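Have a look at the structure below, then the notes.
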Amino acid sequence: MKAPALPADESHRLAQLRALNILHTPAEERFDRLTRLARRLFGVPVALVSLLEEDHQWFKSIAGTSAATAPRSTSFCGHAILQDDVMVVENPFEDERFHDNPLVKDDDNPIRFYAGCPLRTPAGAKVGTLCLIDHHARQFNADDIHTLRDLAAMAEAELVAFQTATSDELTQITNRRGFMTLGQLALNECQLKQLPASLTFLDLDRFKVINDTLGHREGDRALMDFADAMKVSFRHADIFARLGGDEFVVLFNGLQQADAEQVLARFDRFLQQQTQNLDRRYALHFSSGIVEFDPDQPQSLEQLLEGSDERMYAAKNGKKKFSS
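Counting from -4, one number per residue, gives the positions in the sequence shown under our numbering.
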């Protein structure tokens, strides 16, 4: 067996995958209808929309199997994203990459045929596949390949549509809708694994002054600067978003409040340095309010947002009193 090599653009590919904001989101009919159609068209028992993370593949849509994830090291899809076109394995026993793969040697549901078409983002990164699996060796002709390409193009369009629906148009980070979905999923995982989390509401200070004195175009630039600083400062595990206007939020996955406060302090220092380096005509400051998630007494994401919002406004009002 040969484990799949990493693509030359792996870091870019992973960044593009995470920018879709789709990982570990619930099943959706827009993708499920494609895998159901693929099963019927090709007469295969299994069809998947598979997305390749750093060390495993995650299935956005699964038709014909109950698995949600699988190791990338033994995956056929890991090899498929190294191709520019459909990868077809009509008989894995005759392929040195797969002849002794545990998925091929499985006694219950062995892979005896595979066909996968890479799924690309608009930037060209191959983030996963639309793939077919059969438990018997079979042939796959040119018409079959063409049809699979067409279905994969539809899956790519749905990936873009999902990203558009969950991304803020101006700053290109997650929007409120995306945050409410991804954030609650993260909290569910923290509760299941008994992990901490902290949430902070962020509100830009004196943002109206920037808009009123320098214009809305400069105000938009300030919002984009703030979002860019978030992209650099926070981890892949953290979920950050623009909720609207000059309001932002961060869910620190796995961090207690004290640790989150340290991360936020580093973010503030980076923001000030970034603004200075860009030679802006203003300084960006923000008010925040951190609340901690307790997996033993879990609160919903809405409850955490409400508590964090109250603390943020208390901090902002405190600044106003101090400045006056």
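Ideal placement from N, C-alpha and C gives every residue a C-beta, glycine not left out.
In this text, all values refer to a predicted model and were calculated from it rather than measured experimentally.
Given a threshold of 16 other Cβ atoms within 10 Å of its Cβ, counted over all protein chains shown, does residue i qualify as buried or as exposed?
| i | result |
| --- | --- |
| arginine 276 | exposed |
| aspartate 241 | buried |
| asparagine 16 | buried |
| lysine 314 | exposed |
| glutamine 298 | exposed |
| lysine 226 | exposed |
| alanine 33 | buried |
| asparagine 183 | exposed |
| glutamine 11 | buried |
| aspartate 102 | exposed |
| serine 61 | exposed |
| asparagine 272 | exposed |
| asparagine 312 | exposed |
| proline 97 | exposed |
| alanine 58 | buried |
| alanine 65 | buried |
Which value, in whole angstroms, describes the spacing of the CA atoms of residue i and residue j?
| i | j | result |
| --- | --- | --- |
| arginine 230 | arginine 115 | 24 Å |
| alanine 224 | leucine 154 | 26 Å |
| arginine 31 | phenylalanine 37 | 10 Å |
| alanine 375 | leucine 29 | The chain is shown only over -4 to 319; residue 375 falls outside these bounds and no answer can be derived. |
| histidine 280 | glutamine 267 | 8 Å |
| tyrosine 109 | leucine 18 | 23 Å |
| aspartate 80 | alanine 148 | 12 Å |
| leucine 146 | valine 84 | 18 Å |
| histidine 211 | glutamine 251 | 37 Å |
| aspartate 263 | proline 113 | 40 Å |
| aspartate 138 | arginine 144 | 10 Å |
| isoleucine 128 | leucine 47 | 17 Å |
| leucine 209 | leucine 259 | 27 Å |
| alanine 152 | proline 40 | 24 Å |
| arginine 216 | alanine 14 | 21 Å |
| arginine 35 | glutamate 164 | 37 Å |
| aspartate 274 | alanine 253 | 32 Å |
| serine 282 | tyrosine 308 | 8 Å |
Taking 9 Å as the cut-off, decide whether the C-beta atoms of residue i and residue j are in contact.
| i | j | result |
| --- | --- | --- |
| leucine 177 | isoleucine 106 | no |
| alanine 236 | serine 193 | no |
| lysine 55 | serine 70 | no |
| alanine 42 | tryptophan 53 | no |
| phenylalanine 196 | alanine 222 | no |
| leucine 246 | alanine 310 | no |
| serine 228 | phenylalanine 174 | no |
| proline -1 | lysine 121 | no |
| leucine 218 | threonine 142 | no |
| glycine 284 | arginine 306 | yes |
| serine 303 | glutamine 179 | no |
| proline 191 | glutamate 301 | no |
Go through its chain and collect everything with a Cβ distance to residue i's Cβ below 6 Å, but skip five positions before and after it.
| i | result |
| --- | --- |
| proline 293 | Gln186 |
| glycine 111 | Cys72, Ala75, Met82, Thr124, Cys126 |
| proline 290 | Cys185, Gln186, Gln189 |
| aspartate 50 | Arg67 |
| isoleucine 140 | Val81 |
Keeping to the same chain, check which residues put their C-beta closer than 7 Å to that of residue i; ignore five residues upstream and five downstream.
| i | result |
| --- | --- |
| aspartate 95 | Met(-4) |
| alanine 232 | Asn248, Gly249 |
| asparagine 104 | His130 |
| glycine 239 | Arg171 |
| leucine 77 | Pro(-1), Ala0, Pro2 |
| alanine 118 | Gln11 |
Counting only C-beta atoms, is residue i closer than 9 Å to chain C at any point?
| i | result |
| --- | --- |
| phenylalanine 221 | Among the protein chains of the structure shown there is no chain C, as only one such chain exists. |
Excluding the 5 residues preceding and the 5 following residue i in the sequence, name in chain order all residues of the same chain whose CB lies nearer than 8 Å to its CB.
| i | result |
| --- | --- |
| glycine 330 | Residue 330 cannot be examined here, being either before or after the span of the chain that is shown, -4 to 319. |
| threonine 270 | Asp220, Tyr277, Ala278, Leu279 |
| isoleucine 168 | Ser162, Ala222, Met225, Lys226, Phe235, Ala236, Arg237 |
| valine 99 | Pro87, Phe88, Phe93, Pro105, Ile106, Arg107 |
| aspartate 27 | Ser56, Ala58 |
| glutamine 257 | none |
Q.
Does the structure place the segment 152 to 160 close enough to the segment 201 to 210 that three or more beta carbon pairs sit under 8 Å?
A. Taking a cut-off of 8 Å for Cβ pairs, the segment 201 to 210 and the segment 152 to 160 do not touch, as fewer than three such pairs fall below it.
**Q.** At least 3 beta-carbon pairs within less than 8 Å: the segment 6 to 23 vs the segment 126 to 136
**A.** Contact fails: fewer than three Cβ-Cβ distances are below 8 Å.
Q) Just checking, does the segment 84 to 92 make contact with the segment 1 to 9 on the three C-beta pairs under 8 Å criterion? A) In the pairwise beta carbon analysis, the segment 84 to 92 is classified as not touching the segment 1 to 9: fewer than three pairs are separated by under 8 Å.
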